[in-house]
Amino acid sequence: MNYRNLEECIIDLEKHGHLIRIKEEVDPDLEMATIHLKVFAKGGPAILFEKVKGSKYQAVSNLFGTIERSKFIFRHRLEKMQQMVQLRNNPFAALKHPFKYASTGLAAFSALPRHGSFFSAGFKEIKISDLPLIKHWPMDGGAFVTLPQVYTEDLDKPGVMSSNLGMYRIQLTGNDYILNKEIGLHYQLHRGIGVHQSKTNKKNVPLKVSVFVGGPPSHSLAAVMPLPEGISELTFAGALGGKRFRYDYVDGFCISLDADFVITGEVYPNENKPEGPFGDHLGYYSLKHDFPLMRVHKVYAKDDAIWPFTVVGRPPQEDTAFGALIHEISGTAIPHEIPGVKEVHAVDAAGVHPLLLAVGSERYTPYLKSKRPAELLTQANRILGTGQLSLAKYLFISCSENDRFSHDINCHDSRAFFKHVFERIDLNRDLHFYTKTTIDTLDYSGNSINEGSKLVVAAYGDKLRELSSVLPVCLKTSVFILEPVILMEGVLALQLNEFTNYKNAEKEITKLCDFVSSNINEFIGIVQIVIYNDFSFKTADTSLNDYVWITYTRSNPSHDIYGVNQVTENKHWGCTGPMIFDARKKPHHAPELKMDPEVEKKIERFKL
Numbered sequence: 046m047n048y049r050n051l052e053e054c055i056i057d058l059e060k061h062g063h064l065i066r067i068k069e070e071v072d073p074d075l076e077m078a079t080i081h082l083k084v085f086a087k088g089g090p091a092i093l094f095e096k097v098k099g100s101k102y103q104a105v106s107n108l109f110g111t112i113e114r115s116k117f118i119f120r121h122r123l124e125k126m127q128q129m130v131q132l133r134n135n136p137f138a139a140l141k142h143p144f145k146y147a148s149t150g151l152a153a154f155s156a157l158p159r160h161g162s163f164f165s166a167g168f169k170e171i172k173i174s175d176l177p178l179i180k181h182w183p184m185d186g187g188a189f190v191t192l193p194q195v196y197t198e199d200l201d202k203p204g205v206m207s208s209n210l211g212m213y214r215i216q217l218t219g220n221d222y223i224l225n226k227e228i229g230l231h232y233q234l235h236r237g238i239g240v241h242q243s244k245t246n247k248k249n250v251p252l253k254v255s256v257f258v259g260g261p262p263s264h265s266l267a268a269v270m271p272l273p274e275g276i277s278e279l280t281f282a283g284a285l286g287g288k289r290f291r292y293d294y295v296d297g298f299c300i301s302l303d304a305d306f307v308i309t310g311e312v313y314p315n316e317n318k319p320e321g322p323f324g325d326h327l328g329y330y331s332l333k334h335d336f337p338l339m340r341v342h343k344v345y346a347k348d349d350a351i352w353p354f355t356v357v358g359r360p361p362q363e364d365t366a367f368g369a370l371i372h373e374i375s376g377t378a379i380p381h382e383i384p385g386v387k388e389v390h391a392v393d394a395a396g397v398h399p400l401l402l403a404v405g406s407e408r409y410t411p412y413l414k415s416k417r418p419a420e421l422l423t424q425a426n427r428i429l430g431t432g433q434l435s436l437a438k439y440l441f442i443s444c445s446e447n448d449r450f451s452h453d454i455n456c457h458d459s460r461a462f463f464k465h466v467f468e469r470i471d472l473n474r475d476l477h478f479y480t481k482t483t484i485d486t487l488d489y490s491g492n493s494i495n496e497g498s499k500l501v502v503a504a505y506g507d508k509l510r511e512l513s514s515v516l517p518v519c520l521k522t523s524v525f526i527l528e529p530v531i532l533m534e535g536v537l538a539l540q541l542n543e544f545t546n547y548k549n550a551e552k553e554i555t556k557l558c559d560f561v562s563s564n565i566n567e568f569i570g571i572v573q574i575v576i577y578n579d580f581s582f583k584t585a586d587t588s589l590n591d592y593v594w595i596t597y598t599r600s601n602p603s604h605d606i607y608g609v610n611q612v613t614e615n616k617h618w619g620c621t622g623p624m625i626f627d628a629r630k631k632p633h634h635a636p637e638l639k640m641d642p643e644v645e646k647k648i649e650r651f652k653l
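Count along the sequence shown starting at 1, add 45, and that's the number in my numbering.
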């Protein structure tokens, strides 16, 4: 069905067994988030909190907690959206299959935003302090909005069709914010809202911001959808929800008439305050940093408004389903956006941005004397220059050996893809570093915020080795190597007993390199050695997720990758033995997320 509002979605989910109600009063200070985490971990239903301590409004979480439930919510529109993406990628499809696509153009036209009346929408003015002020993790700086739709307009092209609707976290309380008068916005400058703010800053005028919370679930998905330039998120929301996005203007601010809550305000040039810490989707806290301050103008809510929220943390979490749904809708767009690239997989278990796997094509090879990556490097550069993919820290890219244009390797099967790459990688040729560059704001593996390095691993050619699944015998006699374990074919993880100071890391790892080099025949099938600490790899079923999370979130390529018998030739770095990743916790890393044991005990009363 096409939901007119959030309440209709909740009723539909409950009717079909996808939602539970918690009728007892629940504390928004950690309790609600902990309940959410426990239910999500069991693959449980959406949760409606009927009594939120300190607020008269109900709250709902875990709406998109599984891909099955997400697809259920959009079950009547998903196929139509896939057709619209296909039609955009291949306009001639409408000529070949006129009856199949006849309704698609009409659906897109009928999804255009529609101007309505604010006064008939049922809003009443409230305060920030009236909202469900949910704190998610013990070290969080205050209460946050985690499913906002943040609306801004282009100063040079005002109006809804050139607007940006994005999902950026909002801090409501804590730090130095004046309650009910100030809130914090956390976003990166390259995002749509950052472009809009840059324009207002240059003209020394404030940026008008509207934060919508709730409304039809299609509005939330539109706010996170990576749409191409020129496509309106509001139109996408209307097409996906089967109902036009209704809006009006009050005091110069755009208001979503279908939202449950709306916060309006202004961001003045160069006016910042510390925002955070906040438990984020990499599995660590993002720390306190200066981010734009929003002066609150007015806050609105409907009488029966419901506050949606989610909890982000070490993946998988609810936003994992968001990513899967986005791929379901737009996965066919990648080959058209980036020529030669068949697919890209932002690995959720690694926190999305730290690790990309990609399948490309290698059409230059017939003109080369031997098989080696060539076009793959061009495609890698294109990937790292495209939208949110530019935040990637590690990119592994390869292609098929048998048919250069076939799709018989699948980067969404991470284990098989790594095996394909590691069997073919030439460690002296295929590692390409980008140093002293920008990385994701949330990634603390670099030298400072937004600063770090990247690594492209481009592997193509004949199979060079058989990967080993057996621990080298020499490890049993080593006194400084502890807890060795094979994580997957060709990947060895171990601990060192001499890690006392990060400044000494190079010296310690040199000792490891010398040890491996002196026993190199036992490491022929090992491509990668991961050094870890303060972690216990459990079972084969979980080791892949543990491997990508530990290895790619806790390392900075330029500083933390070493190699056995490493060599630099004409400024290109490589090695002949295994590459070594120092994935230990460093002094500059942010703390990882852990639930409060006392709160975990308190919520046992709910028998989840």
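Idealized CB from N, CA, C, for every residue including glycine.
Item                                                                                                                                                       : Value
May I have the straight-line CA-CA distance separating G328 from V397, to the nearest angstrom?                                                            : 11 Å
Going by Cα to Cα distance, which pick from K244, A504, E388 and P73 is closest to R417?                                                                   : A504
Quick one: grab the DSSP three-state call for N246.                                                                                                        : helix
Between which residues of its own chain and K630 is the CB-CB distance below 8 Å, once the five residues before and five after are set aside?              : N578, D579 and R599
To the nearest whole angstrom, what separates the beta carbons of M339 and E311, a pair I think is in contact under 8 Å?                                   : 7 Å
Do the segment 54 to 63 and the segment 90 to 98 touch if we need at least three Cβ pairs shorter than 8 Å?                                                : yes
Mapping the DSSP letters down to three states, classify A104 as helix, strand or coil.                                                                     : strand
Taking H465 as part of the alpha helix (DSSP H), name the residues at either end of that continuous run.                                                   : S459 to R469
Could you give the DSSP three-state label for Y292: helix, strand or coil?                                                                                 : strand
Should P203 be labelled buried (16 or more other beta-carbon atoms within 10 Å of its own) or exposed?                                                     : exposed
Could you tell me how far apart the beta carbons of F651 and I67 are, in whole angstroms, since I believe they sit closer than 8 Å?                        : 7 Å
What does the alpha-carbon distance come out to for the pair F306 and V344?                                                                                : 7 Å
Here's the rule: buried if 16 or more other CB atoms are within 10 angstroms of the residue's CB, otherwise exposed. What is I223?                         : exposed
Which residues bound the alpha helix (DSSP H) around T480?                                                                                                 : Element bounds for T480: not the alpha helix (DSSP H) but the beta strand (DSSP E), L476 to T483.
With a floor of 3 residues, list each beta strand (DSSP E) that falls wholly inside the segment 510 to 547, ordered by position along the chain.           : 526 to 533 and 536 to 541
Mark D325 as exposed unless 16 or more other C-beta atoms lie within 10 angstroms of its C-beta, in which case mark it buried.                             : buried
Alpha carbon to alpha carbon, how far is T197 from A267? Give it in angstroms, no decimals.                                                                : 14 Å
So T72 and K98 are in contact, right, with Cβ under 8 Å, and what is the actual spacing, rounded?                                                          : The displayed chain sequence assigns Asp, not Thr, to residue 72. With a Cβ gap of about 5 Å, D72 and K98 count as contacting.
For V357 and F323, what's the separation of their Cα atoms in angstroms?                                                                                   : 9 Å
Along the chain, which unbroken stretches of the alpha helix (DSSP H) at least 4 residues long are found entirely within the segment 384 to 453?           : 420 to 428
Counting C-beta neighbours from all protein chains within 10 Å, is the total for A86 16 or more, i.e. buried, or is it exposed?                            : exposed
How is W182 classed by DSSP in three states: helix, strand or coil?                                                                                        : coil
Return the CA-CA distance between H457 and V466, expressed in angstroms with no decimal places.                                                            : 14 Å
Tell me whether P632 is buried or exposed, calling it buried when 16 or more other Cβ atoms sit within 10 Å of its Cβ.                                     : exposed
Would you call the segment 547 to 555 in contact with the segment 504 to 516, where contact means no fewer than 3 C-beta pairs closer than 8 Å?            : no
What separation, rounded to the nearest whole angstrom, lies between the Cα atoms of S162 and P361?                                                        : 41 Å
Report the partner residues of L252 according to the DSSP bridge assignment.                                                                               : V312
Looking at A391 and L401, is the spacing between their C-beta atoms short of 7 Å?                                                                          : yes
Which word fits N566, buried or exposed, when buried means at least 16 other C-beta atoms lie within 10 angstroms of its C-beta?                           : exposed
Determine, using beta carbons only, whether D605 and D627 come nearer to each other than 7 Å.                                                              : yes
Quick check on DSSP: helix, strand or coil for K141?                                                                                                       : Its pLDDT being 42, under 50, K141 is placed unreliably by the model, and nothing is read from it.
Assuming contact is defined by CB atoms lying nearer than 7 Å, are P158 and V205 in contact in what I supplied?                                            : yes
Counting along the chain, where does the beta strand (DSSP E) carrying S301 start and finish?                                                              : F298 to S301
Take T218 as the anchor and find which of G321, F119 and E170 has the nearest alpha-carbon.                                                                : G321
Suppose the cutoff is 7 Å on Cβ atoms and the five residues either side in sequence are ignored; what does the same chain contact list for K141 look like? : At K141, the pLDDT of 42 sits below 50, so the modelled position is not reliable; the number obtained from the coordinates is stated separately. So the list is empty, once near-sequence residues are dropped.
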